[in-house]
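Okay, structure first, notes after.
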Amino acid sequence: MQVEMPAVQGFDVFTGVPDYSVHYQYRQGSILHEVRETTLRELFAKYGDLLWMNGSHKYNVTNFIGELHDLLDIPGFSTFSDEMLDQVIGKLRKRGNSNATINRKMAALSKLLRKAYKMGDVHSLPEFKRQKEKAGRIRFLDRDEEDLLFSEIRAHSELYYRFCLFLVDTGARLSEGLNLRWGDMHKDRVTFWVTKSGRSRSVPLTQRAVAAIAASDRRHAGPFAEIDQQKFRIAWHIAKDAVGFADDKDVVPHVLRHTCASRLVQGGIDIRRVQMWLGHQTLTMTMRYAHLASHDLDMCVPVLERAAC
């Protein structure tokens, strides 16, 4: 490029300057802001603690961002383009990632980049499009499976057993149950303030959920606050293996949330109420359980039989 310079004795009027690219961004209430080159790892180090609370979800997000950083041909950027997004999605697909898995990773990337853009760390954002997901099988426990698994867990720890009862009767996520505090309960209802969606929700309690809470030690911050998540998961998998579920990869603690949702739908509760109970941001998430309400179609058979006469 050519840059015009004032005439100075001994120098040409035009001086050759090497090509370079610098992005600037206006931010409301501030002066022109230079957008310097950064990386996904640097952005996560800067904003990870602000965007995600400690727990299993943040652990997964940490791995997601690290993987996406490694997939970029050039990890440093000042603008994250659509081409860069297509590149990482293509590489994830070649690795065998399903659309559902890609969507989870893109959700983490989108959240991080939106924050970076808002703070002036990147010049522009790509267009994120949700990948079409196939309706997968929802694993839930029937009553006999619950009794078998819970009895084995109880033999290991009474506290873990009561925690499982609470989770399966409230549909709470593992982190929501662990973060529950005594002040979050009022009579026969609990409020989950620390949720994945960031939106609080309140649900009523069954009698055995009330009993599970009442038996907890009030010297701790909450009814299940003394539980170490990793130790609980280890105990869960030991119990799972002992009762014959070793080869069933879907029998993880989250199956208790699926079990709660499935029982509500099978019991005739409408999908909208189930959505509110679980705290899903969109009805699409809850519709995964809609097929379990097939008994509502039984009334169609007599109509068809009368029409055939």
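Mapping of the sequence shown onto my numbering: position 190 corresponds to residue 1159, and the numbering continues sequentially without gaps.
Glycine included, every Cβ here is placed at the ideal spot set by N, Cα and C.
From a predicted model like this one, the values you see are computed outputs, not experimental measurements.
Length of the line joining the Cα atoms of residue i and residue j
i, j, result
"Asp1157", "Thr1139", "12 Å"
"Thr1070", "Ile1240", "24 Å"
"Asp1216", "Leu1273", "43 Å"
"Ser1050", "Lys1084", "16 Å"
"Gly1248", "Ser1169", "8 Å"
"Ile1043", "Met1053", "9 Å"
"Ser1093", "Tyr1086", "7 Å"
"Leu1136", "Ala1178", "8 Å"
"Leu1082", "Val1091", "8 Å"
"Gly1191", "Leu1174", "16 Å"
"Phe1201", "Ile1122", "10 Å"
"Leu1143", "Gln1199", "11 Å"
"Val1270", "Arg1099", "38 Å"
"Asp1055", "Arg1187", "52 Å"
"Met1268", "Val1030", "46 Å"
"Gln1250", "Gly1167", "10 Å"
"Leu1117", "Met1254", "29 Å"
"Ala1124", "Ile1207", "11 Å"
"Val1151", "Val1159", "Here residue 1151 turns out to be Trp, not Val, going by the sequence shown. Distance between the alpha carbons of Trp1151 and Val1159 is about 9 Å."
"Gln1235", "Cys1278", "32 Å"
"Glu1114", "Lys1015", "45 Å"
"His1189", "Gly1065", "44 Å"
"Ala1077", "Ser1120", "37 Å"
Contacts around residue i, its chain only, beta-carbon distance under 7 Å, and the 5 residues preceding and following it disregarded
i, result
"Ala1184", "Arg1131"
"Glu1145", "Phe1161, Val1163 and Thr1164"
"Lys1074", "Phe1033, Leu1037 and Leu1061"
"Ile1058", "Ile1071"
"Gly1024", "Ser1144"
Enclosing alpha helix (DSSP H) for residue i [first to last residue]
i, result
"Phe1025", "Residue 1025 is actually Ser in this sequence, not Phe. Ser1025 to Leu1040 is the extent of the alpha helix (DSSP H) around Ser1025."
"Pro1044", "Element bounds for Pro1044: n/a, residue is neither H nor E."
"Val1172", "That residue, Val1172, is in no alpha helix (DSSP H); its beta strand (DSSP E) goes Arg1170 to Pro1173."
"Lys1015", "Leu1009 to Leu1020"
"Gly1059", "Asp1051 to Lys1063"
"Cys1229", "Val1224 to Gln1235"
"Pro1271", "Cys1269 to Ala1277"
"Ile1196", "From DSSP, Ile1196 is part of no alpha helix (DSSP H); its letter is neither H nor E."
"Arg1083", "Asn1068 to Lys1087"
"Arg1177", "Gln1176 to Ala1183"
"Asp1138", "Glu1127 to Thr1139"
"Met1245", "Ile1240 to Leu1247"
"Met1256", "Here Met1256 belongs to no alpha helix (DSSP H), and DSSP marks it neither H nor E."
"Ser1144", "Leu1143 to Leu1147"
Cβ neighbours of residue i in the same chain (closer than 8 Å, five flanking residues each side left out)
i, result
"Ile1196", "Leu1128, Tyr1129, Phe1132 and Leu1147"
"Lys1101", "Asn1068"
"Leu1266", "none"
"Leu1019", "Lys1084"
"Ser1231", "Ile1107, Phe1109, Tyr1258 and Leu1261"
"Asp1153", "Val1159, Thr1160, Phe1161, Trp1162 and Gly1191"
First and last residue of the uninterrupted beta strand (DSSP E) at residue i
i, result
"Phe1161", "Arg1158 to Phe1161"
Counterpart residues of residue i in DSSP-defined beta bridges
i, result
"Glu1155", "Strictly speaking, residue 1155 in this sequence is His, with Glu absent from that position. The partner list for His1155 (beta bridge, DSSP) reads Arg1158."
Contacts around residue i, its chain only, beta-carbon distance under 6 Å, and the 5 residues preceding and following it disregarded
i, result
"Pro975", "Interpretation of Pro975 is limited by its pLDDT of 47, a score under 50 that renders its predicted location unreliable; the figure taken from the coordinates is listed afterwards. Closer than 6 Å at Cβ, skipping near neighbours: no residue."
"Lys1209", "Val1220"
"Ala1181", "Arg1131, Leu1134 and Phe1135"
"Arg1275", "none"
"Cys1229", "Val1137 and Gly1140"
"Ser1079", "Phe1097"
"Trp1205", "Pro1222"
"Phe1214", "Val1220"
CB-CB length for residue i against residue j, believed under 8 Å
i, j, result
"Leu1233", "Gln1244", "Contact doesn't hold; Cβ gap of about 10 Å is too wide."
"Val1224", "Phe1109", "6 Å"
"Phe1193", "Leu1149", "6 Å"
"Phe1046", "Glu1011", "Rounded, the Cβ-Cβ distance is 11 Å, inconsistent with contact."
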